[in-house]
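Take the sequence shown: its position 76, counting from 1, is numbered 89 in the working numbering, and each next residue is one higher. We treat Cβ as the ideally placed atom computed from N, Cα and C, and that holds for glycine. Report on the following structure.
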Amino acid sequence: MAKKKTNKWGKWAFIVGVILALLAGLFPGALDVGSVALILVVLGLVVGLLNIQEKEAVNFLVATIALMAVGSAGVEVIGLFGLGSYLEQVVTNIALFVAPAAAVVSLKLVYDLAKD
């Protein structure tokens, strides 16, 4: 029963993190940037600890690498109807959210490999 409740927290942390990343990127002046970044990092840590299981870890890390590559590729060059800056901020916020989760998952995998 405790596992189910823990997964519920992780699920909600993921949903809130994605929504916050989108809203903060689409409405950049509405929220304090520092607070948003801190909340996204904390939510990412929660997701990494509670949501990502061992069987999902490799797929999650590959997806994270792809996301980081998109973010570093310079999304601002997509000046599609003036949406480039918004898209760049959304991708940056999602990267802020996913990076801590990836760090936690990576550390869990390294620990599992080292203990054997």
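- DSSP, read as helix, strand or coil, puts Ala-76 in helix.
- With a contact defined as Cβ atoms closer than 8 Å, Val-123 and Ala-34 miss out at about 27 Å.
- Between the alpha carbons of Phe-40 and Ala-76 lies a distance of about 26 Å.
- Per DSSP, Ala-50 is one residue of the alpha helix (DSSP H) stretching across 46 to 63.
- Taking the C-beta atoms as reference points, Leu-63 is found no nearer than 8 Å to Asn-106.
- Using a Cβ distance threshold of 8 Å, Leu-53 and Gly-30 count as a contacting pair.
- Between Ala-115 and Gly-42, the CB-CB gap reaches or exceeds 8 Å.
- C-alpha of Val-117 to C-alpha of Gly-97: approximately 30 Å in a straight line.
- Boundaries for Phe-40: no alpha helix (DSSP H) harbours it, and the DSSP string shows neither H nor E there.
- Distance between Phe-27 and Ala-79, taken at the CA atoms: about 18 Å.
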